[in-house]
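These notes are about the structure you will find just below.
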Amino acid sequence: MKRLAALLAALALASTAIAADKPAPRAKAKPARAVADVDKDGDPNLKSTAALVLDANTGETLFAKNADAVHPIASITKLMTAMVVLDAKLPLDEPVQISTEDLDLLKGTKSRLPVGAHFRRDDLIRIALVASDNRAAAALGRAYPGGIDSFVEAMNAKARLMGLESTRFVDSSGLAPGNVSSPAELARLVAEASKYDIIREYSTTPALDVTLPDTGRKVNYVNTNALVRAGDWKIGVSKTGYISESGKCLVMQALIANTPVVIVLLDSWGRLTRIGDANRIKRWLEKNPARLAGALRAG
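Each residue of the sequence shown is one higher than the one before, starting from 1 at the first, in the working numbering.
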């Protein structure tokens, strides 16, 4: 009997241990709380620190949030890079060799453009605008007459010519936090960039294949702005940007409710925050066409 009692006690302990080792049932994850499209005042409920929405036809402000605040703009810089290259009327089919000088030693970003390879200047502009490739943008600046210093001077000279008093450029890629501007001035920069057919075409290309000249291998690039690949947007100009100092940035010219609109979003945090903000702006305008109609009447 003692032996039987001991056996039963051992079995009870074993079953308790097995039960303790079984994972507890997972609690059901709470669904992510949706962000409301508008705030209590009926304005777009944006998470970007600074933003501006303009009617591109009239220049009227449709929405502003810290529109004059100056922020690092990261790869939004590449729009000015493309304009300066095109203004110089350098041969677009001229090959530009990738150099060790084009490597990113500041942030350590990578590129699939091998050092020593030659690419048409036209392809480098395309890669810089579609994929935001920093090595491509660096090569464009370095290959400018007088080198990168002359190129940056030309960038700032164009900014002054456009009346952009708070905008400063220190490189052609946007990697340095010294490239700064405000939503108000970036809206004017986007409007200027929209006058260049090549920038309109390249910045809104959803994806492209580039053949590496030395190996013949094809490299696929996808536009860094997911909205360019979305079927419900009509975008004329687009550029994204990100460095740690700038947060996520996005500028666009887009057709919303049959009206061209400029959208500037700076210092967004969260992987999809700038995309969410842009979609909230779009829905806000589509639900409030009177705002656009009012802008047209004012113009």
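Backbone N, C-alpha and C define an ideal beta-carbon position, used for all residues, glycine too.
Buried or exposed by the 16-neighbour rule on C-beta atoms within 10 Å, applied to residue i
| i | result |
| --- | --- |
| K30 | Low confidence applies here, because K30 scores a pLDDT of 46, under 50, leaving its location unreliable and the question unanswered by this model. |
| V96 | buried |
| R126 | buried |
| R160 | exposed |
| K282 | buried |
| S238 | buried |
| E286 | exposed |
| R26 | With a pLDDT of 45 at R26, under the threshold of 50, the predicted position of this residue should be treated as unreliable, though the coordinate-derived value follows. Exposed, because fewer than 16 other Cβ atoms sit within 10 Å of the Cβ of R26. |
| A82 | buried |
| E192 | buried |
| A157 | exposed |
| T215 | exposed |
| K89 | exposed |
| N134 | buried |
| V115 | exposed |
| D197 | exposed |
| A290 | exposed |
| K22 | In this prediction, K22 has a pLDDT of 41, which is less than 50 and means its spatial position is unreliable; what the coordinates show is noted afterwards. It is exposed - the Cβ of K22 has fewer than 16 other Cβ atoms within 10 Å. |
| K240 | Sequence inspection shows Thr at residue 240; the Lys mentioned does not correspond to that position. T240 should be labelled buried. |
| D209 | exposed |
| N223 | buried |
| S244 | exposed |
| A143 | buried |
| N225 | buried |
| S150 | exposed |
| T259 | buried |
| L292 | buried |
| D41 | exposed |
| K65 | buried |
| K78 | buried |
| A207 | exposed |
| L105 | exposed |
| T100 | exposed |
| L272 | exposed |
| A230 | exposed |
Supposed close pair residue i, residue j - CB separation, criterion 8 angstroms
| i | j | result |
| --- | --- | --- |
| V180 | V70 | 5 angstroms |
| L129 | L164 | The pair is not a contact, with the Cβ atoms about 20 angstroms apart (cut-off 8 angstroms). |
| D102 | A139 | 5 angstroms |
| V264 | L186 | 5 angstroms |
| P44 | V38 | 6 angstroms |
| A184 | A67 | 5 angstroms |
| S268 | S132 | About 16 angstroms separates the two Cβ atoms, so there is no contact after all. |
| R274 | C249 | 7 angstroms |
| L52 | T58 | In fact, because the Cβ distance is near 14 angstroms, the residues do not count as touching under 8 angstroms. |
| D277 | L54 | So it is not a contact: roughly 15 angstroms between Cβ atoms. |
| R112 | V228 | About 20 angstroms; that fails the 8 angstroms criterion. |
| L266 | A50 | 4 angstroms |
Host alpha helix (DSSP H) of residue i (start-end)
| i | result |
| --- | --- |
| P183 | 183-193 |
| L129 | 121-130 |
| M155 | 147-161 |
| S275 | The sequence shown places Ile at residue 275, rather than the Ser named in the question. Residues 273-287. |
| S203 | 197-203 |
| K78 | 77-87 |
| A137 | 134-142 |
Enclosing beta strand (DSSP E) for residue i [first to last residue]
| i | result |
| --- | --- |
| I235 | 235-243 |
| L268 | Rather than Leu, the amino acid found at residue 268 in this sequence is Ser. Element bounds for S268: 259-268. |
| T61 | 61-65 |
| V53 | 50-55 |
Residue i - partner residues in DSSP beta bridges
| i | result |
| --- | --- |
| T211 | K218 |
| R312 | Lying before the first or after the last residue shown, residue 312 is absent from the chain, which here runs from 1 to 299. |
| K248 | Y242, S268 |
| V96 | F119 |
| A254 | I235, V261 |
| A72 | It should be pointed out that residue 72 corresponds to Pro in this sequence rather than to Ala. V180, per the DSSP bridge assignment. |
| V38 | P44 |
Cβ-heavy atom distance, residue i to the ligand ZN, below 8 angstroms
| i | result |
| --- | --- |
| M252 | The ligand ZN is absent from the structure shown, which contains no ligand whatsoever. |
For the segment 252-260 against the segment 230-243, are there 3 or more C-beta pairs whose distance is under 8 angstroms?
With a cut-off of 8 angstroms, the segment 230-243 and the segment 252-260 count as touching, because enough Cβ pairs lie within range.
Measuring CB atoms only, is the segment 115-133 touching the segment 82-101, in the sense that at least three cross pairs come out at less than 8 angstroms?
Touching, per the Cβ criterion.
Does the segment 65-82 touch the segment 166-175, meaning 3 or more C-beta pairs lie closer than 8 angstroms?
In short, these stretches touch, since the Cβ pair count reaches three.
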